[in-house]
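Each remark here refers to the structure printed beneath this line.
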Amino acid sequence: MGGASKVVSVALRVWQLICSVIVLGILARFLHLLSQAGAERDGRVVYGIIVASISTLFVLIFIAPFMYSFLAFPFDLVMFVMWLVLFCLLITRTGVNTCSSPWYWNYWGYYWGGWWRRPFFLDGPGRIVSAGCGHWRTILAFSFMALIAFFVNAILGAYVVSKYWTKKRRDRQTG
Numbered sequence: 661m662g663g664a665s666k667v668v669s670v671a672l673r674v675w676q677l678i679c680s681v682i683v684l685g686i687l688a689r690f691l692h693l694l695s696q697a698g699a700e701r702d703g704r705v706v707y708g709i710i711v712a713s714i715s716t717l718f719v720l721i722f723i724a725p726f727m728y729s730f731l732a733f734p735f736d737l738v739m740f741v742m743w744l745v746l747f748c749l750l751i752t753r754t755g756v757n758t759c760s761s762p763w764y765w766n767y768w769g770y771y772w773g774g775w776w777r778r779p780f781f782l783d784g785p786g787r788i789v790s791a792g793c794g795h796w797r798t799i800l801a802f803s804f805m806a807l808i809a810f811f812v813n814a815i816l817g818a819y820v821v822s823k824y825w826t827k828k829r830r831d832r833q834t835g
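Going by the working numbering, the sequence shown opens with residue 661, and the numbers climb by one from there.
Here you go:
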């Protein structure tokens with residue numbers, strides 16, 4: 661377990677923490693807006709809150725550059741799969757029409773912009789497009805970056821653990 665692997669692991673863990681907290685914060689704000697409006701919660705958004713919460717806790721536990729953090733590489737793979745599922749679930753809501761899809765207009769943009777509070781005919785449909793579009797794109801971007809970070813950290817952990825076991829086996833045979 662060299663110094664470079666420790667530094668890379670901590671850097672990846674910090675990046676995972678940043679990504680999960682950003683996604684958690686934006687989705688929590690959206691759930692708050694939904695509860696104010698008395699609207700139904702989308703299961704994909706709730707799954708996003710769960711994945712981001714588990715990731716935040718996981719990263720806080722394994723951020724220290726000790727051997728146990730590298731031994732957690734199977735959990736990194738599980739978190740990678742969870743983030744991959746989350747990203748796929750969220751991206752299929754809007755597809756390539758990120759902020760102009762029907763789901764965005766009728767759900768995310770409508771509730772994020774607070775359009776449920778005022779009559780629709782006063783402002784018109786054009787303003788819904790800009791309501792929360794940046795936040796939606798931020799969630800997609802940071803969820804993708806989180807899944808990549810968990811995957812790279814899993815590969816790094818598997819590499820360090822295999823090197824460690826090989827060294828231990830060699831030391832036992834010679835000594």
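The C-beta atom is built at its ideal place from N, Cα and C for all residues, glycine as well.
Reduced DSSP category for residue 757 - H, G, I as helix; E, B as strand; rest coil: When secondary structure is reduced to three states using DSSP, residue 757 falls in the coil class, being assigned neither helix nor strand.
Close beta carbons around residue 732, own chain, < 7 Å, minus the five adjacent residues each side: Short of 7 Å from the beta carbon of residue 732, and not among the five residues preceding or following it, lie these beta carbons of its own chain, in chain order: 722, 817.
Given this structure, state the Cα-to-Cα distance separating residue 680 from residue 766, to the nearest angstrom. The C-alpha of residue 680 lies about 26 Å from the C-alpha of residue 766.
Test item: CB-CB of residue 682 and residue 798 under 8 Å: By the CB criterion at 8 Å, residue 682 and residue 798 fall inside the cutoff.
Residue 726 by DSSP, collapsed to three states: which one? In the three-state reduction of the DSSP assignment, residue 726 falls in the coil class, being assigned neither a helical nor a strand state.
Nearest-angstrom Cα separation, counted from residue 764 out to residue 802: Looking at the two C-alpha atoms, the distance is approximately 18 Å.
Taking only three categories from DSSP, how would you classify residue 818? Three-state result, residue 818: helix.
Cutting at 7 Å between CB atoms, please list the residues of its own chain near residue 836, excluding the five before and the five after it. For the chain, the structure presents residues 661 to 835; residue 836 sits outside this window and is missing.
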